[in-house]
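Participant:
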Amino acid sequence: LAAALLVTLQQSGFLKSDETAEQFFTSLVEIAVSHCLSGEQQKQQQQQQQQGSSTPTVLSFDAVDAFVKLVAFLINRSANESDAVNPAARGIRRASQLFRVLGVVVNIMQKTSKENPTAFNPRPFFRMFIGWYMEILESDVGDEVIMIPSLAAIADALLALQPLRIPTFAFSWLELVSHRCFMPKLLLATGQNGWPHFQKLLVALLQFLEPYLRNAELNESIRLMYKGTLRMLLVLLHDFPEFLCKYHFQLCDVIPSSCIQMRNLMLSAFPRNMRLPDPFTPNLKVDLLPEISESPRIV
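In our numbering, each number is its position in the sequence shown, counted from 1, plus 751.
1. Buried or exposed, going by whether 16 or more other CB atoms sit within 10 Å of the CB of W989?
2. Can you name the start and end residues of the alpha helix (DSSP H) that N950 belongs to?
3. Using three-state DSSP, classify F850 as helix, strand or coil.
4. Can you tell me the Cα-Cα spacing of S763 and E773, whole angstroms?
5. Hey, quick one: how far does the alpha helix (DSSP H) through N1015 stretch, first residue to last?
6. Taking one C-beta from the stretch 885–901 and one from the stretch 853–863 each time, how about it: are there three or more such pairs within less than 8 Å?
7. Can you give me the Cβ contacts of T941 inside the same chain, cut-off strictly under 7 Å, excluding the 5 residues immediately before and after it?
8. Where do the ends of the alpha helix (DSSP H) carrying Q1052 lie?
9. May I ask you to report which of helix, strand or coil DSSP gives Q913?
10. Buried or exposed for K767, please, with buried defined as at least 16 other CB atoms from any protein chain shown within 10 angstroms of its CB.
11. On the three-pair Cβ rule with 8 Å, is the stretch 871–886 touching the stretch 815–829?
12. Between P914 and F876, is the Cβ-Cβ spacing less than 8 Å?
13. Can you give me the start and stop residues for the alpha helix (DSSP H) that N827 sits inside?
14. Between which two residues does the alpha helix (DSSP H) harbouring E971 extend?
15. Can you name, in chain order, every residue of its own chain whose Cβ lies under 7 Å from the Cβ of T771, other than the five neighbours on each side?
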């Protein structure tokens, strides 16, 4: 059935060129989101008729999940005879297809949030990203050479959706950035290839929080965002201290000087292969330690 669907799409010309493919995916995203939110609108109308009822709205994600599986199927089936010899080529091809779909989703999210910021509902789009995490990043493809380009494509999309641009997507964005299917894979990439992407995302998060932290204006939403950020930083400090060591200058540069706890958290990181001296050692001479002669690595 899946193979027949792919043949039908190719024969219909929906995937023939970049322009037609973009129009095709744009229509699918709009239909999926509209179907998902139509139930919420009906629920709101019923609640207005029955005053006093405030039952949380349960959305139908059937159309969103179907779109996610279609995209994942098209990406995971993008293979040819040369992939066994050159897996990097397959990884780039998969990432280019994913980037095209993500570009459509990003454009729709930015347009919708600008037209009516207060009515923007991030739940369908959050569901899409989580679905692609599971269907693509957690797929049977275990070759890192194939997966890294897809991770980079998702990182670029999340950077375009940062809280400074779409504040109503901030909580969903933070969960996507710190998700177990994304953050560890990006930071564990060979040769630290994923570190620059995650550094940009972390700086974008801190830039969003900076004016609130500098002026000590923490309402309930910003306080929750700050707690979530601290928890993510604690995970980085425990599992990836080398990342904080490498980028501590850029990260501390966007943290207000009044945020002593967060700055100390950044500056307390040290490489896991380094053994720190006991500060209570009698007659300790820090300038005589062998590590004092090694210059810190600063990016």
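Where a beta carbon is used, it is the ideal one built from N, C-alpha and C, also for glycine.
Facilitator: Taking the definition as stated:
1. Trp is not the amino acid found at residue 989; the sequence shown has His there. The residue is exposed, with fewer than 16 neighbouring Cβ atoms inside 10 Å.
2. Here residue 950 is Gln; the residue named in the question, Asn, does not match the sequence. Looking at the DSSP string, the run of the alpha helix (DSSP H) that includes Q950 is W946 to R965.
3. helix
4. 15 Å
5. I1011 to L1018
6. no
7. E895
8. The question about residue 1052 has no answer, for the chain in this structure spans 752 to 1050.
9. coil
10. exposed
11. yes
12. no
13. D813 to N827
14. E971 to D990
15. G764 and F765
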